[in-house]
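**Q** Residue numbers (the numbering used here): 1 to 328.
Sharing a structure with you now.
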Amino acid sequence: MSKEIVIKASGLTKFYGDILAIDHINFEVERGEIFGFLGPNGAGKTTTIRILTGLSKSTDGKASILGFDINSEILKVKRHIGVVPEISNLYDDLSAIDNLLFMAQLYGVPRPQRRKRAEELLKIFGLYERKDSPFRTFSRGMKRALTIAAALIHNPEILFLDEPTVGLDVMAARSLRNLITNLRQQGITIFLTTHYLEEADLLCGRVAILVKGRIIKIGSPTDLKTAVEKESLIEFSFGREISDLIEDLSSRLSGVRMVATEQNKVRIYGGTPADIYDSVFRFAKDKGIKIQSVKSIKPTLEDTFIKITGLSPTVMAIEKGGEHNVAR
Ligand SMILES: Nc1ncnc2c1ncn2[C@@H]1O[C@H](COP(=O)(O)OP(=O)(O)O)[C@@H](O)[C@H]1O
Ligand SMILES: [Mg+2]
1 MSKEIVIKAS GLTKFYGDIL AIDHINFEVE RGEIFGFLGP NGAGKTTTIR
51 ILTGLSKSTD GKASILGFDI NSEILKVKRH IGVVPEISNL YDDLSAIDNL
101 LFMAQLYGVP RPQRRKRAEE LLKIFGLYER KDSPFRTFSR GMKRALTIAA
151 ALIHNPEILF LDEPTVGLDV MAARSLRNLI TNLRQQGITI FLTTHYLEEA
201 DLLCGRVAIL VKGRIIKIGS PTDLKTAVEK ESLIEFSFGR EISDLIEDLS
251 SRLSGVRMVA TEQNKVRIYG GTPADIYDSV FRFAKDKGIK IQSVKSIKPT
301 LEDTFIKITG LSPTVMAIEK GGEHNVAR
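Following this line, the structure appears as structure tokens:
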């Protein structure tokens, strides 16, 4: 069975004056997936969400949601989508329940269903006990959760989340990620943005990497990692210093790119790991040297991101800021 495409963008472009915020982007989101837009600050993530949800007009290109054109049929689009902006759109002085009832009215939920739906959401999001407290008295995590609840009041099929865990502490971020996963399990399609690599890796089935308004890669987190997987790097520690034997060792290794040694350690770059293990174990046995440890050094998702985006590690360090909140 072919997958149903629920969001489709073709050549979507946005200029703010002279600033090209998004530059001819193309992507498709399938029903039921969590699709991530991953990119550093200023990449164009929020701009994309604003255009797809009818808050901003594109300069060029097309997009449709559930087959409805975002320019000519935005009212139909809005009936089927929920939007959670970076900054909550709820009212500080209204209670949790009143915020939801207000949203229900705004989204055209029939009056007799409003309270039932609001209470049901408060229960799902663990906020029922606090239903009469004003929004402003909520913690950041609770505020984010209630903002998501509000976006779901009209039972949308697609939920847009802009940087859902920014500014949350580790526990709140984790609980919110669980919540997002649960929504997907209920069949809601989720489009989210994030600048946290690990978050995209944990949550998303597929990720588009956005840099300076351009999509430079789309794939599953695993695909993205494999696509740029560096050559293998294996480090052996021996029972003694082996610089005198390095030529002997090297001559036994075929297909490797480089062998480096430092005291009792040897690092082998490239080649086939299984063959390398074989050769090195045989070498150690022949020479009567003990192998103390073997380490296979893998590229991290961050290495991958830097390699794909061409961003320098310094830029990434700034990107991650002081509020890096991903915990496993
Ligand atoms: N209302 C606006 N007016 C002018 N420039 C804007 C506006 N909104 C965003 N931009 C610019 O567009 C680019 C993309 O911004 P944005 O979509 O907010 O990125 P992200 O959400 O990925 O951090 C940035 O260069 C930003 O400065
Ligand atoms: Mg943004």
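Glycine included, every Cβ here is placed at the ideal spot set by N, Cα and C.
Computed from a predicted model, the values in this text were never measured in an experiment.
Have a look at the DSSP bridge pairing and note the partners of Val207.
**A** Partner(s): Gly36, Gly219.
**Q** Quick test of your reading: Thr181 and Leu203, contact by CB under 8 Å. State the CB separation rounded to the nearest angstrom.
**A** Going by Cβ atoms, the distance from Thr181 to Leu203 rounds to 7 Å, so yes, they are a contact pair.
**Q** Cβ of Thr47 versus every heavy atom of ligand 1: is any distance shorter than 7 Å?
**A** Answer for Thr47: yes, Cβ within range of ligand 1.
**Q** What is the DSSP secondary structure of Ile65, counted as helix, strand or coil?
**A** Here Ile65 sits in strand by DSSP.
**Q** Could you check where the beta strand (DSSP E) with Ile22 kicks off and where it finishes?
**A** Taken as a continuous stretch (DSSP letters only), the beta strand (DSSP E) holding Ile22 covers 19–30.
**Q** Whole angstroms are fine: how far does the CA of Leu52 sit from the CA of Ala9?
**A** Roughly 9 Å between the two C-alpha positions.
**Q** Less than 7 Å between the CB of Tyr196 and some heavy atom of ligand 1, yes or no?
**A** No, ligand 1 has no heavy atom inside 7 Å of this Cβ.
**Q** Per DSSP, which one or two residues make a beta bridge with Pro134?
**A** Paired residue(s): Ser95.
**Q** How about Gly44 and Gly271: do their beta carbons lie closer than 8 Å?
**A** Not closer than 8 Å, so no.
**Q** Give the secondary structure of Ile124 by DSSP, where H, G and I count as helix, E and B as strand, and everything else as coil.
**A** Of the three classes helix, strand and coil, the one that applies to Ile124 here is helix, per DSSP.
**Q** Closer than 8 Å is the cut-off here; do at least three beta carbon pairs connect the segment 155–171 with the segment 89–105?
**A** With a cut-off of 8 Å, the segment 89–105 and the segment 155–171 do not count as touching, because too few Cβ pairs lie within range.
**Q** Counting only the same chain and skipping the five closest in sequence on each side, list residues whose C-beta sits under 6 Å from that of Ala145.
**A** Counting only Cβ-Cβ distances below 6 Å, and skipping sequence neighbours, we find Phe125.
**Q** Note down, in chain order, each residue of its chain lying with its Cβ closer than 8 Å to the Cβ of Leu20, except the 5 sequence neighbours on either side.
**A** Around Leu20: Thr13, Lys14, Gly213.
**Q** Can you list, in chain order, the residues of its chain with a C-beta nearer than 6 Å to that of Val256? Leave out the 5 residues immediately preceding and following it.
**A** Once the five neighbours on either side are set aside, the close Cβ partners of Val256 are Ile268, Gly270, Gly271.
**Q** Grab me the residues of Gly39's own chain with a C-beta within less than 7 Å of its C-beta, minus the 5 sequence neighbours each way, in chain order.
**A** Cβ neighbours of Gly39 beyond the five flanking positions: Lys45, His195, Ile209, Leu210, Val211.
**Q** Cutting at 6 Å between CB atoms, please list the residues of its own chain near Asp92, excluding the five before and the five after it.
**A** Only Phe135, Arg136 meet the Cβ criterion.
**Q** Whole-angstrom Cβ separation of His80 and Glu157, contact assumed at under 8 Å?
**A** Contact holds; Cβ gap of about 5 Å.
**Q** In terms of residues, what are the limits of the beta strand (DSSP E) holding Glu262?
**A** Looking at the DSSP string, the run of the beta strand (DSSP E) that includes Glu262 is 256–262.
**Q** Express the C-alpha separation of Lys225 and Val259 in angstroms, rounding to a whole number.
**A** Distance between the alpha carbons of Val259 and Lys225: 25 Å.
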